[in-house]
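**Student:** There's a structure below that I have some questions on.
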Amino acid sequence: MYNVAHIGVVVKDATKSSEFYTTVLGCQAVSGHQDDRVCLVFLKAGQQTIELIQYKQDAAGTRGAGVVDHIAFAVPDMEAALAHLQRHNVPLLFDQPKMVGNMKIMFFAGPDGERLEFVQQL
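The following block contains the structure:
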């Protein structure tokens with residue numbers, strides 16, 4: 002079995018998205034790379050790494066299949082986590098958290114409309 006190295010998410014503005022992921026979600030920017038084709042930002046989210054990818058031309062539009070559906074973040078207290086999102090005016094995708102088995106979940110949108118999720122194990 003292979004370990005996940007990182008999750009890559011295509012964004013329109015790497016700076017704006019990096020600020021959202023660090024300020025709102027508490028990720029830590031650990032490295033980056035920029036050239037004439039792409040701007041990359043690597044963020045630590047607990048034990049995982051998220052790679053924000055901003056293509057400088059329209060390479061993102063020609064990528065086709067393989068879009069990441071969402072990134073889920075574990076939270077210890079859903080109500081506190083949702084209050085934090087609301088203080089930052091983050092759009093929630095449900096009116097209320099949903100129960101899925103022994104988990105409480107809530108989807109919300111990132112700066113480019115990417116689907117993000119909070120999961121609380123009960």
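Residue numbers for the sequence shown follow our numbering, so the first one is 2 and each next one is one higher.
C-beta: ideal position from N, C-alpha, C; glycine also.
(1) Please report the straight-line C-alpha distance between LYS99 and THR16, rounded to a whole angstrom.
(2) Which of helix, strand or coil does DSSP assign to PHE95?
(3) Excluding the 5 residues preceding and the 5 following SER18 in the sequence, name in chain order all residues of the same chain whose CB lies nearer than 7 Å to its CB.
(4) Using the C-alpha atoms, what's the distance from HIS34 back to VAL76?
(5) Helix, strand or coil for GLN87? Go by DSSP, reduced to three states.
(6) Please report the straight-line C-alpha distance between ASN90 and LEU44, rounded to a whole angstrom.
(7) Distance check for ALA73 and ILE8, CA to CA, integer angstroms please.
(8) Report the rounded CA-to-CA distance for LEU86 versus LEU93, giving the unit in angstroms.
(9) Per DSSP, what are the beta-bridge partners of THR50 in this structure?
(10) Roughly how many angstroms separate the alpha carbons of GLY47 and CYS28, rounded to a whole number?
(11) Sort out for me which residues DSSP pairs TYR56 with in a bridge.
**Tutor:** Let's see:
(1) Counting from 1 along the sequence shown, the entry for residue 99 is found at position 98. Counting from 1 along the sequence shown, the entry for residue 16 is found at position 15. Spanning the two alpha carbons is a distance of roughly 32 Å.
(2) Here residue 95 corresponds to residue number 94 of the sequence shown, with the count starting at 1. Three-state result, PHE95: coil.
(3) In the sequence shown, the residue the question calls residue 18 occupies position 17. Excluding positions up to five away in sequence, the list reads VAL12, LEU53, GLY111, PRO112 and ASP113.
(4) Along the sequence shown, one-based indexing puts residue 76 at 75. Along the sequence shown, one-based indexing puts residue 34 at 33. Roughly 30 Å between the two C-alpha positions.
(5) Taking the sequence shown and counting its residues from 1, one reaches residue 87 at position 86. Helix, per DSSP.
(6) The residue you call residue 90 lines up with position 89 of the sequence shown. The residue you call residue 44 lines up with position 43 of the sequence shown. Going from the Cα of ASN90 to the Cα of LEU44 covers about 22 Å.
(7) Reading the sequence shown from its first residue, position 7 is the one you call residue 8. Reading the sequence shown from its first residue, position 72 is the one you call residue 73. Cα-Cα distance, rounded: 11 Å.
(8) Here residue 86 refers to the residue found at position 85 of the sequence shown. Here residue 93 refers to the residue found at position 92 of the sequence shown. LEU86 and LEU93: Cα-Cα distance of roughly 8 Å.
(9) As a first step, residue 50 is located in the sequence shown; it is residue number 49 there, counting from the start. The partner list for THR50 (beta bridge, DSSP) reads LYS45.
(10) For the purposes of this step, residue 47 is taken as the residue at position 46 of the sequence shown. For the purposes of this step, residue 28 is taken as the residue at position 27 of the sequence shown. Going by the C-alpha atoms only, they are around 8 Å apart.
(11) Residue mapping note: residue 56 aligns to position 55 of the sequence shown, counting from 1. TYR56 pairs with VAL39.
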